[in-house]
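See below for the structure under consideration.
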Amino acid sequence: MCKFLVTAENVGVRIDKFVSESVPDVTRSYAQKLIDDGNVTVAGVFLLKSNYKLRLDDEVSVELPELRELEVVAEAIPLDIVYEDADLLVVNKPVGMVVHPAAGNESGTLVNALLHHCGESLSGINGVARPGIVHRIDKDTSGLLLVAKTDAAHQSLAAQIKERSVVREYLALLHGNLKLDSGTVDKPIGRSEKDRKKMAVTLKNSRSAVTHFEVLARFEGYTFARCRLETGRTHQIRVHLASLGHPVVGDKVYGRLKEKLRVDGQLLHAARVEFEHPVLGEWMEFEAELPLGFGKIVEKLNNAADG
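Residue 3 is where the sequence shown starts when you use this note's numbering, and the numbers rise one by one after that.
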């Protein structure tokens, strides 16, 4: 049970916003669910509406229901394995696949598929819900992911990512025409104050974020670019490019409301990864071609540009 006394600075603030900002790891939408389910009271009275505005000296109580432990099961889902040995895998994730299970998304994930393919041969550092997962990419982003089979491999790969020695390159189709042929976006990223489900370029409660980009082709109204991560913040490329006024095509969160192109997911693809093998010590390099739909769109735009 969490209890709060409303002070002058929070008078007039919506109760769902107050709860999401006051209770760790509670999003605005989850706060609304807590209110709807009767887990939030003001002066002992259950609230029926999330838009209730706080008054001075209101006593707000929040009861967090006990979380149900996820039961992660193996599923026979096909995997596009680019490389595999006793220590690790490099997997080419398709658009639409979530990386690991979470509440409301407990099956059909990459982890479910990995458990079927690898059995118990996955690192356990990230717990039962994320075995082997060294880093992640978004559901609607395709491309290469590193998966560790042993804890030692996991620790090595995670350390390389932290040291920024792992090369992670993405291909992206962007709205508009980038003026520079290449450049660097060095802007801190943190949780958006306006929408807690989104990330934003901000100086408040943020972490440094650096993305390098290079224009590969320009089309009518679009730019095809290569982006290289120096850091790896949540939604980094999408947030950085949107901050320049050139959001990723198909991005439903940071992009444009209406798309002229018919797209499946966002046109962002983790195309290349390079790293030092955690056991062999060899430098490893892997590439994955654009997904069929993404590739056809780029080809179509290229043909139109050639006239």
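Heads up, the beta-carbon is just placed ideally off N, CA and C, and yes, glycines get one too.
A quick note: this is a predicted structure, and the numbers were derived from the prediction, not measured.
- Taking all protein chains shown into account, Asn207 has fewer than 16 neighbouring C-beta atoms within 10 Å of its C-beta and is therefore exposed.
- With a cutoff of 7 Å on beta-carbon distance, Asn94 and Leu173 are scored as not near each other.
- Assignment of Tyr32 by DSSP, reduced to helix, strand and coil, places it in the helix class.
- Counting along the chain, the unbroken beta strand (DSSP E) around Arg274 starts and ends at 270 to 278.
- A Cβ-Cβ separation of about 12 Å leaves Asp153 out of contact with Gly129 under the 8 Å criterion.
- In terms of Cβ geometry, Val64 and Val15 do not form a close pair [threshold 7 Å].
- Per DSSP, reduced to three states, the secondary structure at His214 is strand.
- Rounded to whole angstroms, Ile79 and Gly110 show a C-alpha spacing of 7 Å.
- Gly297 carries a helical assignment under DSSP once its states are collapsed to helix, strand and coil.
- Counting along the chain, the unbroken alpha helix (DSSP H) around Glu23 starts and ends at 17 to 24.
- In the DSSP assignment, Arg240 is bridged to no other residue.
- The secondary-structure analysis by DSSP pairs Glu287 across a beta bridge with Glu276.
- Taking the Cβ atoms as the reference, Gln238 lies roughly 12 Å from Ala272, outside the contact range of under 8 Å.
- As a beta-bridge residue in DSSP terms, Met201 pairs with Arg193.
- In terms of Cβ geometry, Ala150 and Leu90 form a close pair [threshold 7 Å].
- Following the DSSP letters along the chain, one finds Leu116 inside the alpha helix (DSSP H) bounded by residues 112 to 120.
- In the DSSP secondary-structure assignment, Asp188 is bridged to Val212.
- Bridge partners of Arg220 according to DSSP: Thr225.
- When DSSP states are grouped into helix, strand and coil, Lys164 belongs to the helix group.
- Per DSSP, Tyr54 has no beta-bridge partner at all.
- Residues Gly40 of the same chain have their beta carbon placed closer than 6 Å to that of Phe48, with the five preceding and five following residues left out of the count.
- Counting along the chain, the unbroken beta strand (DSSP E) around Glu86 starts and ends at 83 to 86.
- The beta-bridge partner set that DSSP reports for Ser144 consists of His271.
- Here Ile135 is bridged, per DSSP, to Val149.
- Closest option to Ala88, judged by alpha-carbon separation, among Val281, Leu303, Asp266, Ala290: Val281.
- Using a 10 angstroms sphere on the CB of Lys19, the tally of other CB atoms reaches 16 or more, which defines it as buried.
- Only residues of its own chain outside the window of five on either side were considered, and among them Ile191, Met201 have a CB closer than 8 Å to the CB of Thr236, listed in chain order.
- For His156, the three-state secondary structure derived from DSSP is helix.
- Boundaries of the beta strand (DSSP E) harbouring Val64: 61 to 64, taken from the DSSP string.
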